[in-house]
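Read through the structure below, which is laid out as structure tokens, and then see the notes.
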Ligand code: S3P
């Protein structure tokens, strides 16, 4: 998603205030897809306002699912596992890898053919990772060059499998589990390292039988899914930008209410706290099986450190903004085993490095990560999201701490996950 929108960010003296974030992107996708397969009307409160989650709703509408929206509340009229209709045209996943990868699990099991496509960025992202397990389940799918979108999905009967994920990916795990809904018997997914478990939790909420023991997830096929009323917690990955901003800017104090604190997502909070960040969690409770609470952060130093192995999977979406924090940390930040960054909305190793270098920050690039020395200064520069929402927001945060105004080009990419980002930043900056 490349446009000509430029956001000018001026350095701020401090950030202060209390905010509530739009619903978690990962959870919103899952609730919408599962609600479409449940029997009855599900109401989803605080559904993500991001364009990605609207792409999921658009695709579901294309499959004949009645959906109503009232602000951030979405009502989805599900008709059971057999209710989807053949789409009239190509389903549009936009910029959303989650939409394409997870929905493909459902589409592969339908008694009709479908075609799903995405924007320029999504069209370059790897799909072989879902084609392998779906083909093993009996699906017939054609992809451009055998591995890229668009996907032409023939649709048909699938059979349950026992699948070991070659890469840690919650999207692939979820794709297989969603396909497993339509299979007789038990579908098993084995994870090399834990990834976000929102699909497992959501499927249980809607009444499916899902067991998860030591990285082995087993779903019983052909469940009767029942419509639910659900509330999506605030998006922890969106909170990362404000948490890092508070750590970068002296005198800052931010309270973020009602954020998702699922342990498979909250490695960021542990990492910040372990490195010396003044961070507190309050009012922790459970909503629809997901841990939710308030996060309070005050400006403080962060030591930095080394991120590798399973840690990188747990922090994958937060690594761009952590690179920014790393440059201001005491000891710097080394990230390795994060090859997955290369196949996100942009090659995030390249786009992080490019923007840091434009700000005069030194970064050493590795094939599987990067190394930034600590105690560096951010110089005013013209920055670019390169069409990637997390790069737009990470470098808007860096710009707040720069020595002069910065332009963030293609800043509207932020709306892919967080359309309210700039307005909330302004409200915190007073
Ligand atoms: C997501 C999983 C991650 C993450 C993405 C959302 C999900 O992708 O980067 O933003 O909702 O399951 P991978 O599964 O490719 O690691």
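Residue numbers (the working numbering): 2 to 431. Ideal Cβ positions, reconstructed from N, Cα and C, are used throughout, including at glycine. Remember, it's a predicted structure, so these values are computed and weren't measured experimentally.
Query, Result
"Identity of the residue in 170, 225 and 132 nearest residue 145 by Cα", "132"
"Beta-carbon spacing of residue 1, residue 216 below 8 angstroms", "The shown model of the chain, from 2 to 431, leaves out residue 1, and the question about it has no answer."
"Span of the beta strand (DSSP E), counted from its first residue to its last, around residue 74", "74-80"
"Spatially closest choice to residue 372 from 126, 211, 326 and 80, by CA coordinates", "326"
"Under the three-state DSSP convention, the category residue 374 falls into", "coil"
"Distance cut-off 7 angstroms: residue 173 Cβ against heavy atoms of ligand 1", "yes"
"Cβ separation of residue 229 and residue 43, assumed to be a contact under 8 angstroms, to the nearest whole Å", "5 angstroms"
"Beta-carbon proximity check, residue 184 vs residue 161, cutoff 8 angstroms", "yes"
"8 angstroms contact criterion, which residue 123 and residue 97 should meet: CB distance rounded", "7 angstroms"
"Endpoints, the beta strand (DSSP E) within which residue 43 is located", "40-46"
"CB contact below 8 angstroms: residue 406 versus chain B", "Any reference to chain B falls outside this structure, which holds one protein chain only."
"Alpha-carbon to alpha-carbon, residue 410 and residue 244", "23 angstroms"
"Whole-Å CB distance - residue 379 paired with residue 360, under 8 angstroms assumed", "5 angstroms"
"Same chain, Cβ closer than 7 angstroms to residue 277, neighbours up to 5 away in sequence not counted", "301, 302, 303 and 304"
"Residue 30 CB to nearest heavy atom of ligand 1 below 7 angstroms", "yes"
"Alpha helix (DSSP H) runs wholly inside the region 182-234, at least 4 long, in chain order", "199-206"
"Completely contained alpha helix (DSSP H) runs for the region 101-183, where each covers 4 or more residues", "129-137 and 171-181"
"Spatial neighbours of residue 108 in its chain, beta-carbon cut-off 6 angstroms, leaving aside the 5 residues before and after", "115 and 154"
"Cβ neighbours of residue 87 in the same chain (closer than 6 angstroms, five flanking residues each side left out)", "113"
"Terminal residues of the beta strand (DSSP E) in which residue 258 lies", "254-261"
"Three-state class that DSSP yields for residue 352 in the structure shown", "helix"
"Whole-number beta carbon distance between residue 420 and residue 50, since they are thought to touch under 8 angstroms", "5 angstroms"
"Classification of residue 151 by the beta-carbon crowding that lies within 10 angstroms, buried from 16 upward", "buried"
"At least three beta-carbon pairs within less than 8 angstroms, the region 164-178 to the region 193-211", "yes"
"CB-CB length for residue 294 against residue 280, believed under 8 angstroms", "Going by Cβ atoms, the distance from residue 294 to residue 280 rounds to 12 angstroms, so no, they are not a contact pair."
"Strand pairing of residue 54, partner residues [DSSP]", "Paired residues: none, contrary to the question."
"Stretch pair the region 12-26 + the region 252-263: three plus CB contacts closer than 8 angstroms", "yes"
"Selected residue, minimal CA-CA separation from residue 319, among 242, 383 and 335", "242"
"heavy atom of ligand 1 below 7 angstroms from residue 341 C-beta", "yes"
"From 36, 120 and 202, residue whose alpha carbon lies closest to that of residue 56", "120"
"Classification of residue 31 by the beta-carbon crowding that lies within 10 angstroms, buried from 16 upward", "buried"
"Residue 295, enclosing beta strand (DSSP E) - first and last residue", "291-299"
"DSSP three-state assignment for residue 385, whether helix, strand or coil", "strand"
"Any non-hydrogen atom of ligand 1 closer than 7 angstroms to residue 473 Cβ", "Residue 473 cannot be examined here, being either before or after the span of the chain that is shown, 2 to 431."
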